[in-house]
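Notes follow once the structure below has been shown.
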Amino acid sequence: MLKRSRKGAWGAIVLLLFATQVSGQVLSHGVWEQKNQVSLKMSQLFYELNVGVNVCPQRKSADFVYIAFGYGKPTRKNAWRKFLPEKDMPETLTDQQREIFSKSGMNDLYSGKIGIGWNHWFNHIIGFYLQTGWGFIADLSSGDDLPDDIISKLDDAEQKGTFIYNTVPVETGLTMNLWKHCNIQGGVTYMWKEIPLLTIGVGYTF
135 MLKRSRKGAW GAIVLLLFAT QVSGQVLSHG VWEQKNQVSL KMSQLFYELN VGVNVCPQRK
195 SADFVYIAFG YGKPTRKNAW RKFLPEKDMP ETLTDQQREI FSKSGMNDLY SGKIGIGWNH
255 WFNHIIGFYL QTGWGFIADL SSGDDLPDDI ISKLDDAEQK GTFIYNTVPV ETGLTMNLWK
315 HCNIQGGVTY MWKEIPLLTI GVGYTF
């Protein structure tokens, strides 16, 4: 019982310190003086950089408008698998050739996005963000990574590997200040064909 009471006391102290820090942050910074925001986010689809400016400075709330740049590496095992084209595998291939064929073209497969977002802060503690933009997958492979014995069994349509797929990723989530200018972000990224995927990040305002 004594150990449990000590743990409870430590938990109460931590919560009290956090509440005191947050309250102090709000009271000591009546208006937003920070003009810029940088954040890094990640999901199963993209690694992302956001850079923005506060378009309504010197207020108790803040509105950061930002641009987003993202990069991803699609494979047939991660969340990009639903967006990749199906390969027509010739029936004449052996089991070993089928395995090689199914893995071909992955080294030249890339994804990216360019977007614009809005991060609104209700106060110095909590806010939310919305973001949309243009996303794409580019397959720059040409089938040259296949052995000659497999290429000889493919027709012209099956050998063509280059394609570009366009999509519109949409993000939404919450932002929370934990310590002075540092904040955390958590939300979801949604694209057609895929369920909303968890997106997390860290940010800094200055």
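With our numbering applied, the sequence shown closes on residue 340, and no number is skipped along the way. C-beta atoms are modelled at their ideal positions from N, C-alpha and C, and glycine is treated no differently.
Distance, Cα to Cα, leucine 161 vs valine 322?
Counted from its first residue, the sequence shown places residue 161 at position 27. Counted from its first residue, the sequence shown places residue 322 at position 188. With a pLDDT of 43 at leucine 161, under the threshold of 50, the predicted position of this residue should be treated as unreliable, though the coordinate-derived value follows. Leucine 161 and valine 322: Cα-Cα distance of roughly 31 angstroms.
Segment limits, beta strand (DSSP E) that includes phenylalanine 262:
For the purposes of this step, residue 262 is identified with residue 128 of the sequence shown, where counting begins at 1. DSSP places phenylalanine 262 inside the beta strand (DSSP E), whose first and last residues are 260–273.
CB-CB under 7 angstroms to valine 187, same chain, minus the five flanking residues each way: which ones, in chain order?
Here the question's residue 187 lines up with position 53 in the sequence shown. Exclusion of the five residues before and after valine 187 leaves Lys169, Asn170, Phe198, Val199 as the residues of its chain whose Cβ lies within less than 7 angstroms of its Cβ.
Leaving aside the five residues before and after phenylalanine 346 along the sequence, list all residues of the same chain whose C-beta is less than 7 angstroms from its C-beta, in chain order.
Any question about residue 346 goes unanswered here, given that the chain covers just 135 to 340.
Kindly indicate which residue of Ser177, Asn300, Pro191 has the alpha-carbon position closest to the one of threonine 333.
As a working note, residue 333 is residue 199 in the sequence shown. Per the Cα distances, Ser177.
So, are the CB atoms of asparagine 311 and isoleucine 259 less than 8 angstroms apart?
As a position in the sequence shown, residue 311 is number 177, starting the count at 1. As a position in the sequence shown, residue 259 is number 125, starting the count at 1. Yes, Cβ-Cβ distance for asparagine 311 and isoleucine 259 is below 8 angstroms.
Using the Cβ count rule (16 or more neighbours within 10 Å means buried), how would you classify tyrosine 205?
Position 71 of the sequence shown, counted from the start, is the residue given in the question as residue 205. For tyrosine 205, the number of other beta carbons within 10 angstroms of its own is below 16, and it is reported as exposed.
Is lysine 175 helix, strand or coil when you go by DSSP?
Against the sequence shown, residue 175 aligns to sequence position 41. If DSSP states are grouped into helix, strand and coil, lysine 175 belongs with the strands.
Within its chain, find whatever has a CB closer than 8 angstroms to the CB of glutamine 192; leave out the 5 residues flanking it on each side and keep chain order.
On the sequence shown, residue 192 is found 58 positions in, with the first residue counted as 1. Counting only Cβ-Cβ distances below 8 angstroms, and skipping sequence neighbours, we find Val165, Trp166, Glu167.
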